[in-house]
Every structure is written in structure tokens, then in C-alpha cells.
Amino acid sequence: MKPTLTLLTVLLLEPLAALPAADAPQQKPNVVFIFTDDQPQSAMGCMGNPHLATPHMDRLAKEGVLFENSFVTTSICCVSRASILTGQHMARHGIRSFDTPLSPGQLAQTYPVLLRAAGYRTAFLGKWAVGHPRSAARELCLPAGQFDLWYGFPQTFNFNQQGRYLTTVMEEKAVEFIRQQPKGQPFLLVMALKEPHGPRDMEDPALPANRVTGPIPRPKTLTAEAFQKLPDAVRQSRNSVTPGPTFLKDDAAYQKGMAETYRYISRADIAVGRVMQALRDSGCDDQTVVIFSSDNGSMEGAHRLVGKWNMYEESIRVPLIIRDPRLPSAARGHRSQMALNIDIAPTILALAGLPLPPAIQGMDLRPILRNPEAAGRMDWYYEHDVESESTGKPLPRCEGVRTERWKYVRYKDTRPVQEELFDLQADPREEHNLTTEPEQAATLSALSARCDELRKAVR
Amino acid sequence: MKRTLTLLTALLLAPLAALPAADAPTPPAKPNILLIYTDDHGWADLGAQGVDRDIRTPNLDQLARDGVRFARGYVSAPQCVPSRAGVLTGRYQQKFGVEDNNKGPLPLAEMTIAERLKPAGYVSGQVGKWHLEIDGEKKSGGKAEKSSASHLPHAQGFDEYWCGSLRQYHASHDLKSQPLANAPQLVTDPRFRVVVQTDAALSFLDRRAAKPEQPWFLYLAWFAPHVPLESPEPWFSQTLATLPKERRQALAMIAGMDDGLGRIRAKLKAMGAEQNTLIIFIGDNGAPVKEGAWDGSLNLPLIGEKGMLTDGGVRVPFVAAWPGKIPPGQVYEHPVISLDVAATAVALAGQPHDAKLDGVNLLPFLTGENKAAPHDALFWRWRSQAAVLEFPWKLIHLGEKDRYLFNVTTPEGELKNLLAQNPDIAARLDAKLKTWSATLKPPGAPEPNNDQDNMFFAAHVDKTIAQATKRRPAAAKAAGKKASPNGSVQGWLCRNGTLTMKDGALVITPEAKGKTTPFLTHAGLDLDGPVTATLRLRAKLGGQSSVAWRTQEQKNFAPESTVAFDWPASADWQEVKVELPVKGRLIHLRINPPKGAAGIEIQSINLHSNGGDARAFRFDTK
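As you go down the protein sequences, you meet chains P and E in turn.
Residue numbers for the first sequence, in our numbering: 1 to 459.
Residue numbers for the second sequence, in our numbering: 460 to 1081.
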């Protein structure tokens, strides 16, 4: 009798087929994806940093999965954001400048647009920064029409929004969006926080005191000796000197500069907390997967460098936490598999039960979320190819391969070619370039060949 | 000490850091020249042109940012063979009789760029489509092996070549740079042709890297987006699935070329040759758009297509860059022509100017040294058409049948024949055209009228016959419009009714038995107030209407945020301007047509913010 009834029900209720049947798989989860702008992976309590308060990031990590080895495939915001949206390497999505937006065809295959087409109610708040409206169609550079709620900005904008602190405004919109969610429809909320990226025109006046505890230790490689060891291409690059690094002048300046960076990051943590609270208040936190990351890291003085772009660990490592409340508590904890920014789109699409577009290159991280022993990737390709403006110091283009143990970097435009090889197991701070060590010649040539192979593969 | 000195130098000379280091190979004194020629690649399909938003050419746009985009870059013919004969010789190809595709091959006596550069020590390479051999491809049944080798690139001054269009190539080297015995040897490569041709260009550059002191000339003629269309990945699946298939294929093939340009530029950089290489990118003629022949590319907003001397046939994507020599970021407004490439190359190679060359050395014009226009006039003669452009005037003869005088300062200029009003200008241009035509082989007027050329003008210019271009995407989009799932058009939604696209207008149809008046709404706006809304509309039955808005700060539409206007009842299109005193940022707009109105249509909605932001919605795009 029961099967017949079910069949009948199906026939009668066909228009309602999207509703979950009692015995059908669970309803599609909501997805909240929050990411910061230039937050180094080390700037979280849960990564062992006692100098800034990030209780909400820490709680997410405790209730979810923390990826200890999470990277971006290109460390600069426009490229990384495009990679996050498309699940593709730069070589494939083609965003190499701050001016180029995704094409309409590419935009249609980004995870938020696909989720919306599959019935999700979607919101985007914060920094979009893939394409600039000064040089391309506004609806591609600021695709408001692709979201149910849009409060998005191009590359540069202020924290001061008509006298109010930007993130406070974003939090209100996020909370309201969650509160108004119709029953039975899943949602996607993307919050692209601006902290700690400049212009730092305003700090939140309501930020509690004592969120940062100094003195903040200086990177061990913040020395003239370490700087001297760098390849010429890097020493002459924009990462190396003024105008950015006045905070490298002396320790007082360093403490002041880093404390400010940490205060902004700590403010971003409060935003994470407010969104989590809103999920709990609306009773949907048990059906909502929350992902937290950053668009890229930041050198913060390591090797006496600032900024990002290059392939040093401080630049390419980003926070990545995924809290899926539906997973058994045994699945919580840290992961050592290497995760990438291009994994975010396929993971979100898979969480929503959607097929992956054929052009996606990242991997669905769910197997690793479910099983700490699941296989991760062996190695991956890094590429920084962004054109430097004609003014200012060059940004040397580079490419490389990172394995769990090794890192190979090649500065593409140097002649003779400048390379770096690091044994990250023995030398996590990348102080010893092994390219001239005879006993590493085989490793060097294998990784160099692998780099060429991967360059072709990621097209 | 040395180290300190180096560091000091680096710090002091930071702005010069881009200069090659002392240990870099010494670049040759003469620049390398890379000429890229694409096939049936329409004006609109260069992202930086800002015409169409489906096209995306980030590498080509970057090339334009690094150098110059020519706003009026012309080719010497609206068809492959004559256009290629013109660019490679730098001469009006009619002077040696190669006037259309049936008038090949390129005579061996004519000097190609490769031949002109040889005495200056250049090594020359050719990659991709040639189409200048005996009988062309057509009469040899498309089989490359049947065409006579006597007029292939090696006979025209090219030292190395990978000559072919689709899968078969007459090659001097394989893609691993190994010389082939008994070259030209016929080789095949089954992969997507653009990728193969890019690989061949990269392999030519590989061979140059070994000998950096020798300057080179590379003519890379990608065979795309010309038919047969292909759906190459990973590009095809990233195009918008709602577009016509031809459009998706052209977008994917152009993306393949753009990707190739990126690979080539990266290679030049890696070779240290970036600062010493002039890159010129040109489409060989406009895109064919007529029914059944459309290659998916677009000439919009230019009038006409491949096979016409209106701008749609001969004005093309045209970009040049030479870092360090040509100031970056220029948009060059004076007309230039493909024939200028040879004259420029000859001058840069330090060869004496040859009066036989019809082009000019563009470099002084691009550096700002010469502020005048490079050309007094440009000329064309192709089949039954002949034309002269003395900017902004363009005179076109269509056989004995018609003469047109256009002012081309606006794209629509080629829809309005100003001959009757400007007899003096027409006479002056006519005289110039006659003088030029007298130098051609054969001299004189164009061929008599033929049906095909007449049809082209009737369809595109006179509009006396039905649109010959049913497959242009707006039309295709409008015809088969499966609007987005919620029925919206360009973000506009209709409540209490439905939207359809008909004859270039948005038609609002109330729900059957609907008691409530339908209205239009767009929630994806972002404009600083105050805002001016300009609507082109008509209605069989008009009446009192209104525009209402919501700003970022407002949760709901406020009664005071609305402005009334009169929707005129008219069979003709009317333009209505409505000033919206918006305070703050307008994010949501509603257009409320008159109650009980019938036959409500909108052709365009333009929103202009006082702050300079603007949103334009056109439902009549051709």
C-alpha cells in the first residue's frame, strides 16, 4: 500500500516536487561564506596566535574542520576572487588585471549564480572586485542583478559609509537577510569583508578594547640578511620597499602597524559572531554550512617584504574553516590535506547537490570533511601573472609548484632564470634556497618539469 | 662591496628596473615585428571596444592598454584574399590585380614584408591561413595537398612556415622545432586549429630565442572565427548557454585566440624580447552575418558585413603595442589602414622607403611626433563597389546603380545618404576616387552591378529588403527568447503581466482577466540621485503613468518617491524624459504604465545619474 500511496502522492503533488519527501534526502543546506581581505592564515587564535582575539573564528574551527594547509592559487585579490567564484586557475578564467570582469558566460557558471538558478535565495555583501566599472560593463563588474540581495563594491572603497562603519552596515543586512528567509527555501549568503585591507579610513568606534595583545613577535626572517638572500627579482620588486612598509622601520612602528591590522581582523571576527548568532536565532544553524577564508595572505614583514603576489608561505596561506553541522562530531578537527581557493566553488556546488560545470578545476572537499584520512592532492600549481602598471616597481611574474614537502618557484621573466627551491619540512620559513645544492638537483629538475606540466594542464 | 653597490643601484634606479639587466642578451638594434591577422573577426569582438558584453578578450584588451587601439582601423578589402595580399605587400592589391578572392594568387613579383625585411637581416615566419596560393583553396577542393607549392610562403620570402588553416599544414619545422626534410612537408595535427597555430608561433619564437641578436618578422594568421565553426574547450562551455550556437562558438574561438595572444606575450617577456617587439593585431575583414553564412562574430554598431565597403565590411579590430616606444593607453582616432604595416616595418628595419608602398610609417603618429592625420584619403575597390574615405566623408559607388555619400562620424552615418545635400563634397571625393582608380589593374570604375552586392546594400543600407541577417544575436535572442526563468528581460520584471520581445521592443501584456495593472520593476540598480529616466515608448491607448523608486536606505517604496508622467498614445515611438529627484542611491525602480492601457511597448530605458553613472537598456538592438 505504501508504495502506491507514495506514487500517487508524487503524481498529485508534482508541482511541489521540489519539497523534500519524508524519505527523500535532507533538504539542501544553507551556505554562508565569509571571507576577509588580506588576512594571513596565522592571524587567528585557532592557528595558535595569542595576540589577537578571534573567538568566533575559533569557535567555528572547534565546531567544524580547520584546514591547516589552505592556499590560494594566485595571491592577489582580483585573481583569487575570480578563482573562488569560478573554481578555476587564473590561466583558465583569464582575470589578470583589476579591470577585467568575468564574461556573462563565466558569470553564469559561478557558484552563486548556479545556486540561485537552482532555487537558492542569494545575497552578496562586500567587496566584489572582479572587473572595474571604470573600464567594463557595470552589470559584469558589479553584478547586482544576479543576487536577491546585493550590497557590493568594486576594488577600492571606504570603511566609512556615510558616517557608519561598513561592516556594521553589512552585518545588519546579513542578519535581516537570514531573518527574512522564507521557509522551505535554502539560502546562500556571501560576505566579502574588507578587513584588514586599506584604505583604513575608519575603525569601528564600537570595537571593544583589548582585542590585541602585544608585543607581537616580529617574523624571524624580518632581517637584512634574509632580504639579501632573496632572488634579485624579489629584492627589486614592489614587495620590498616604500611606500607600504613604513611599519618595518623599527619595532615601535611594527607594533603599531600590526596592532592595527590585528584590530581590523578582530573586528571581522565579530562579524562572524553576529552572523552565527543570527543563524542560531532563526533556528537554521543546524542546516547551514559556514565557510570562512580570506582572498590571500600578506607578507607582514617576513623576509623584509610586504604585500602579497609572490609565492612565499605568508602570501599564499589563507584561513579555511568549514563548519557543516550535519557531520558527526568525530569528523570535526584539523586537516592537513592541501586545500585551495579553487576548491570553494566545487564544494559549495556539491553541498547544494548541483553538478559541477566542466570548466571547474578545483576539488570537492566534502570527502575530506567527512573523513580526516581521505586523500588530498599531491601538488598544485601557483601562478602570479598580473601586469604591473607602468609606474612603480615591478611585480615579477612567477609560477611554481607546491607539494606537501617542497616548493619550487620560478621568476618567469628573469634571464638567466631565477628559481627557488625550499624543503618546507626542514625549512618552514623558507630561508635556504636549495637550487644550487648538488644533492637536490634531481628534485629541482623534477619539480621544474612538473611545473611545466601543470602549466599546460591548468589551461 | 659589489653587493652593496648593486643594492644601492637597485634602490636608486628602481624606476629603471624594467630595463634589461647587464647579463640579459643584447637585443638586436632592429625591432621584431609580430603581425597577427584574424579571420572574419568583426569590429564588436574586441572587448576594449565596449560594444558587446558577451565578448571577452582580456589579453587583447591588455595589448590595447599597453599600446594603442585604433578607433578607425581599416583593411584594404572586405574579403580574405585581397585583404591578405594588401597587408603583406603594403600596396593596394588592385594595383596588381588581386581584387577579390577569385583573383589570386599573389604574384611572385610583388614584394612581401618578409622580402622587404630580408636585406635588413630579418628572419621571417608564417603561421596559419595563407590563401594566396594558386587557385586559392576553393578550386583545389579544400585539400591543401592539391594546391601548387609554387606560391606558398617559402616562395614569398618566408624562411619558416606552418602554413594551413584546419588540420593540414605545409611546414618547414615540426612543433618541436625540428626542421623537416623536403620542406614544405605536409603534416597534420588534429587538435583545435587555433591552439595548433599558437603552438607553431611559439615554436617559431623558440627558434628565435636561440639567436636573440637576429631580428624577426612573424605573420600569424589564426584561422578563426571563420567557418567552419568549432566548439573548443575549455572556452565553449563558459559561454552563455542562452546565446545562439554560432555566437557561442565564435566567442569560444576568439577566446582561444586571446588565450594564445597571452601565451605569446608571456613567451616574448620570458625571451626578454617584449621591449623590442612591435605587435600589430588586425582582423582581415568584417564578419559575415547573412543568413546561413554567419560566423557568430559581430560588426555592431557598424553598418554592413564582409563583402561590403561600408564600415561593417572593412573597419576591424586593430591594435598595436610596443612597450617603451609607443606610449600606452592610447585610442587613436585618425583613420589608418592595414597597408600601413608594411611601410612601418620597412622604416623600423631601417630600409629605404619605397614609393610603391601605399601605407605610411605609423610610428611618428603614435609617439605624438606627428600630430597630423596619416592619410589624406583611403580607397577601396572590390567587385561592383568602390569607395573613398576622406574623413569624415565616405563616398561609395555601387556599380552604375547607386552612389552614397556618408558622414561616418557616427556608426549610423552609413544609413543616411547625404549625396543630394552635398554635391560639392561628392564631386571632390569622386575626383579623388577616379584619380586613384586610374592607377589600378584594370583601371577605372568597379565591375557592373551584381545581385549579391545589390542585396547587401538593400538589406543593410537602404533597408528596402527584409533583414538579410536573421541570425544576428539580438534578433535570434528576441525570436527564440527564453527569457530567464522568472521571465525577466535585462533585469526588468513584469508584475501582474508578462514581458515579450517583439520587433525590437519590450511588450507588456496584462494577465488574462487581470484586474491589477501590470508594471515593470528592476531591483538591480545602483545610481546616485537625482536621476533622469529617458524612455522610448508607445501605446495604442496611453494615459497617466508614473515612475517610482526606492533608495538603498528605504525598505519599501515610499509614496513621495514617485513622479507622474503622461504615456502618450501614439503609433510612433515617443521619447519621454522623467526627472527623478532621488536623494541617495537609487537601487530599485518601477515603471507604472497607465491603467487599462493597451499595446504598451518600450524600446529603451536610459537612466542617467547626476553623478555620471548610467544604465542603458535597449530592447531594439540590431
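For glycine and all other residues, C-beta sits at the position ideal for the given N, C-alpha and C.
Quick caveat: nothing in here was measured; it's all calculated off a predicted structure.
7 angstroms Cβ shell around residue i - same chain, five flanking residues per side excluded
i         : result
Asp-889/E : Leu-854
Asp-232/P : Gln-418
Gly-244/P : At Gly-244/P the pLDDT is 47, less than 50, meaning the model places this residue with poor confidence and gives no usable figure here.
Leu-114/P : Leu-349 and Leu-354
Arg-370/P : Leu-327 and Ala-331
Glu-689/E : Phe-651, Gln-708 and Met-712
Ala-836/E : Val-847, Leu-848, Glu-849 and Lys-891
Pro-537/E : Asn-744, Gly-745, Lys-765, Gly-766, Met-767, Leu-768, Gly-772, Val-773 and Trp-841
Met-47/P  : Gln-41
Asn-560/E : Gln-538, Cys-539, Val-540 and Gly-595
Cβ-based burial, residue i [other Cβ within 10 Å; buried from 16]
i          : result
Met-570/E  : buried
Ile-924/E  : exposed
Ala-483/E  : Because Ala-483/E sits at a pLDDT of 47, beneath the cut-off of 50, its placement in the model cannot be relied upon, and the following sentence gives the value as read from the coordinates. Label assigned to Ala-483/E: exposed.
Arg-954/E  : exposed
Ala-680/E  : buried
Pro-1052/E : buried
Asp-770/E  : buried
Val-920/E  : buried
Lys-407/P  : buried
Gly-600/E  : Interpretation of Gly-600/E is limited by its pLDDT of 45, a score under 50 that renders its predicted location unreliable; no figure is taken from the coordinates.
Ser-329/P  : exposed
Asp-286/P  : exposed
Other residues of its chain near residue i: CB distance less than 6 angstroms, five sequence neighbours each side excluded
i          : result
Ala-53/P   : Arg-211 and Ser-266
Ile-1064/E : Leu-994 and Phe-1076
Leu-248/P  : Gly-301
Val-646/E  : Tyr-628 and Ala-630
Pro-838/E  : Residue 838/E is actually Phe in this sequence, not Pro. Around Phe-838/E: Val-847 and Trp-895.
Pro-219/P  : Gly-301 and Ala-302
Val-805/E  : Arg-575
Beta-carbon proximity of residue i to residue j, cut-off 8 angstroms
i         : j          : result
Arg-335/P : Val-65/P   : yes
Asp-413/P : Arg-429/P  : no
Leu-892/E : Ala-831/E  : no
Phe-865/E : Leu-857/E  : no
Lys-609/E : Ser-636/E  : The question names Lys, but residue 609/E in the sequence shown is Ser. No, these two residues do not count as a Cβ contact at 8 angstroms.
Asp-985/E : Ile-1046/E : yes
Arg-724/E : Asn-518/E  : yes
Thr-548/E : Met-716/E  : no
Arg-575/E : Ala-801/E  : yes
Glu-906/E : Ala-998/E  : no
Ser-797/E : Val-534/E  : yes
Gln-88/P  : Ile-322/P  : no
Glu-383/P : Thr-86/P   : no
Pro-989/E : Asn-1069/E : yes
Closer than 9 angstroms at the beta carbon, the chain P residues around residue i
i         : result
Leu-979/E : Chain P residues near Leu-979/E: none, gap ~14 angstroms exceeds 9 angstroms.
Asp-421/E : There is no way to answer for residue 421/E, as the model of chain E reaches only from 460 to 1081.
Contacts that residue i makes with chain E (C-beta to C-beta distance below 9 angstroms)
i         : result
Ser-97/P  : Pro-517, Asp-520, Gln-521 and Arg-524
Lys-412/P : Ala-725, Lys-728 and Ala-729
Thr-213/P : What Thr-213/P touches in chain E: nothing, since even the nearest Cβ is about 36 angstroms away.
Thr-100/P : Gly-506, Arg-515, Pro-517, Asp-520 and Gln-521
Neighbour list for residue i in chain P, Cβ cutoff strictly below 8 angstroms
i         : result
Ile-706/E : Here residue 706/E is Arg; the residue named in the question, Ile, does not match the sequence. The premise fails here: Arg-706/E is roughly 10 angstroms from chain P at the closest Cβ pair, so nothing lies under 8 angstroms.
Asp-513/E : Ser-103, Pro-104 and Gly-105
Gly-563/E : Those do not exist, as Gly-563/E stays about 36 angstroms from chain P at its closest Cβ, beyond 8 angstroms.
Contact set between residue i and chain P, taken where Cβ atoms lie within less than 7 angstroms
i         : result
Asp-813/E : Here the premise fails: no neighbours, minimum Cβ distance about 35 angstroms.
Thr-698/E : Gly-105
Pro-693/E : Arg-92 and Ala-359
Residues near residue i in its chain [Cβ-Cβ closer than 8 angstroms; skip 5 each side]
i          : result
Gly-333/P  : Val-65, Leu-66 and Pro-372
Gly-1001/E : Asp-1025, Trp-1026, Pro-1027, Ala-1028, Ser-1029, Pro-1053 and Ala-1056
Report the residue ranges of all beta strand (DSSP E) runs contained in full by the segment 172 to 234 of chain P; include only those spanning at least 3 residues, in chain order. Correct list: 187 to 196.
Give the list of continuous beta strand (DSSP E) stretches no shorter than 3 residues that lie fully inside the segment 314 to 354 of chain P. Counting only unbroken stretches of 3 or more residues, the beta strand (DSSP E) elements lying wholly within the segment 314 to 354 of chain P are 320 to 323 and 333 to 340, in sequence order.
Length at least 3, wholly inside the segment 576 to 641 of chain E: the beta strand (DSSP E) runs in chain order: With a minimum length of 3 residues, the unbroken runs of beta strand (DSSP E) contained wholly in the segment 576 to 641 of chain E fall at 582 to 587, 619 to 622 and 627 to 630.
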